[in-house]
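Numbering (the numbering used here), first residue to last: 1 to 118.
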């Protein structure tokens, strides 16, 4: 019998989908913003008390070409998958990358610090 592997998936229920949902978080009056050197976190409380945390990732064209932007999104998704314990409860979170990221490890450390402060 093989040992069971931990479930490190990033299910659809934990993803923020659609322009209206992103805009609701970004433009919401009750949204909290945390800014760092490379990224910005915009956090809004969900209306439901039993809902799961939902994450959305937005990377600006200023961050590089399509290959670079997609790599940044994959790195952030992988970090979120492997650090489920640091997720805030019952929130909608948009992670925005607006500029070129020189240090990917620094970006992940900054992101982890921001998620812990929530």
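The C-beta atom is built at its ideal place from N, Cα and C for all residues, glycine as well.
Between which two residues does the alpha helix (DSSP H) containing residue 22 stretch?
The residue you call residue 22 lines up with position 22 of the chain shown. Where residue 22 is concerned, the enclosing alpha helix (DSSP H) stretches over 19-26.
Kindly identify the DSSP beta-bridge partner or partners of residue 56.
The sequence position of residue 56 within the chain shown is 56, counting from 1. Note: residue 56 sits in a beta bridge opposite 94.
Does the beta-carbon distance from residue 56 to residue 16 come in below 8 Å?
Mapped onto the chain shown, residue 56 falls at position 56. Mapped onto the chain shown, residue 16 falls at position 16. Yes.
Quick one: grab the DSSP three-state call for residue 105.
The sequence position of residue 105 within the chain shown is 105, counting from 1. Helix, per DSSP.
Nearest to residue 52 by CA position, among 12, 72 and 77, is which residue?
Locating residue 52 in the chain shown gives position 52, where the first residue counts as 1. The shortest Cα separation from residue 52 among 12, 72 and 77 belongs to 12.
Residue 110 to residue 63, Cα distance in whole Å?
Numbered from 1 along the chain shown, position 110 holds the residue referred to as residue 110. Numbered from 1 along the chain shown, position 63 holds the residue referred to as residue 63. C-alpha separation (whole angstroms): 17 Å.
Are residue 40 and residue 98 touching if we call contact CB-CB under 8 Å?
For the purposes of this step, residue 40 is taken as the residue at position 40 of the chain shown. For the purposes of this step, residue 98 is taken as the residue at position 98 of the chain shown. Their beta carbons are under 8 Å apart, which means residue 40 touches residue 98 by this criterion.
How about residue 34 and residue 114: do their beta carbons lie closer than 8 Å?
Here residue 34 is taken as the residue at index 34 of the chain shown, counted from 1. Here residue 114 is taken as the residue at index 114 of the chain shown, counted from 1. Yes.
Under DSSP, the alpha helix (DSSP H) around residue 35 begins and ends at which residues?
Indexing the chain shown from 1 puts residue 35 at position 35. Counting along the chain, residue 35 falls outside any alpha helix (DSSP H), though it belongs to the beta strand (DSSP E) covering 32-35.
Skipping 5 residues on each side, what residues in its chain have a beta carbon closer than 8 Å to that of residue 22?
Reading the chain shown from its first residue, position 22 is the one you call residue 22. Result list for residue 22: 16, 56, 58 and 94, in chain order.
By the DSSP assignment, the beta strand (DSSP E) with residue 89 in it spans what residues?
Residue mapping note: residue 89 aligns to position 89 of the chain shown, counting from 1. Here residue 89 belongs to no beta strand (DSSP E), and DSSP marks it neither H nor E.
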